Amino acid sequence: MKNLIDKVFLLNRTTGEFETAELFHGIDETNLSHIEGRWRPMFELRREQAKASGQTMADINAEDGHWNWGRKALAAISDPFLYDIFALECGGNTQALLLTCKGSTDCFSRHPEHPKADMIYVEFLATAPWNRPRLVKEPTYKGAGRVLIGTAVSLSIEEELGGRLGLHSLPGAEEFYRDAIGMTDLGVDKEGPHQGLRYFELPESQVAGFLTTQH
Numbered sequence: 005m006k007n008l009i010d011k012v013f014l015l016n017r018t019t020g021e022f023e024t025a026e027l028f029h030g031i032d033e034t035n036l037s038h039i040e041g042r043w044r045p046m047f048e049l050r051r052e053q054a055k056a057s058g059q060t061m062a063d064i065n066a067e068d069g070h071w072n073w074g075r076k077a078l079a080a081i082s083d084p085f086l087y088d089i090f091a092l093e094c095g096g097n098t099q100a101l102l103l104t105c106k107g108s109t110d111c112f113s114r115h116p117e118h119p120k121a122d123m124i125y126v127e128f129l130a131t132a133p134w135n136r137p138r139l140v141k142e143p144t145y146k147g148a149g150r151v152l153i154g155t156a157v158s159l160s161i162e163e164e165l166g167g168r169l170g171l172h173s174l175p176g177a178e179e180f181y182r183d184a185i186g187m188t189d190l191g192v193d194k195e196g197p198h199q200g201l202r203y204f205e206l207p208e209s210q211v212a213g214f215l216t217t218q219h
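According to our numbering, the sequence shown holds residues 5 to 219 in order.
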């Protein structure tokens, strides 16, 4: 089931104009067909180009190109009390996807301001390949990733968790979470299922500041 929950604006970098985008709770076959028919071929092409030029997938911010969103959607549908999945659409395309969790062992804060406090955990966030500056020369839309982080913050507030959220970042996206979003860098996990990935949190004290910069 897919429901429209908000209308937001994305900057079209080509025209310099803001365009209305639709934010949905849930995803459908259209979104999945966009992933398989439009996202994946571009990821594969850039992967081959990067390999030929000696670049890594982190260098071009495409480490998530193999993610199976059909499987993630099934997980969200199967356990709606644990997972929420969101899709952002604009210009006839799926521009970004988000999967959040609100009940796993990852949903406890590590931030010194509120250790072990409940929070929303961002399981997966991906923007369309044509929106990534290091992936394409002329990215199309700006702001899709920020909109979905804002969606996770709003979910946290709705769940009475103060807007708190955490996530593990792929290396190619660390700069986005640290610098563009302003999340707190709590270091690289040395062990466990997220071993080798850097962990970020948005503590309650930074939520108001983040929401202010959203508008």
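Where is the CB? At the ideal position from N, CA and C, for every residue including glycine.
For clarity, every value in this text was computed on a predicted model and none was experimentally measured.
- Between the beta-carbon of residue 170 and that of residue 113 there is about 7 Å, and that keeps the pair under the 8 Å contact cut.
- Minimum Cα-Cα distance from residue 39 among the listed residues 199, 146, 116 and 131 corresponds to 131.
- Note on geometry: alpha-carbon atoms of residue 124 and residue 203 lie some 14 Å from one another.
- Taking the Cα of residue 84 as reference, the smallest distance to any Cα among 31, 154 and 119 is reached at 31.
- About 6 Å separates the beta carbon of residue 105 from that of residue 86, a gap short enough to meet the 8 Å contact definition.
- In this structure residue 167 is in contact with residue 157, their Cβ atoms being roughly 5 Å apart against a cut-off of 8 Å.
- Per DSSP, the continuous beta strand (DSSP E) segment holding residue 99 begins and ends at 97-105.
- Per the C-alpha coordinates, the member of 212, 185, 7 and 165 positioned closest to residue 111 is 165.
- The criterion of a C-beta distance shorter than 7 Å is not satisfied by residue 175 and residue 115.
- Under the three-state reduction of DSSP, residue 179 is assigned to helix.
- A direct Cα-Cα distance of roughly 10 Å separates residue 89 from residue 5.
- Spatial neighbours of residue 161 in its own chain (CB-CB distance under 6 Å, excluding positions within 5 residues in sequence) are listed in chain order as 167.
- Taking a cut-off of 8 Å for Cβ pairs, the region 11-20 and the region 50-66 do not touch, as fewer than three such pairs fall below it.
- The bridge partners DSSP lists for residue 189 are 204.
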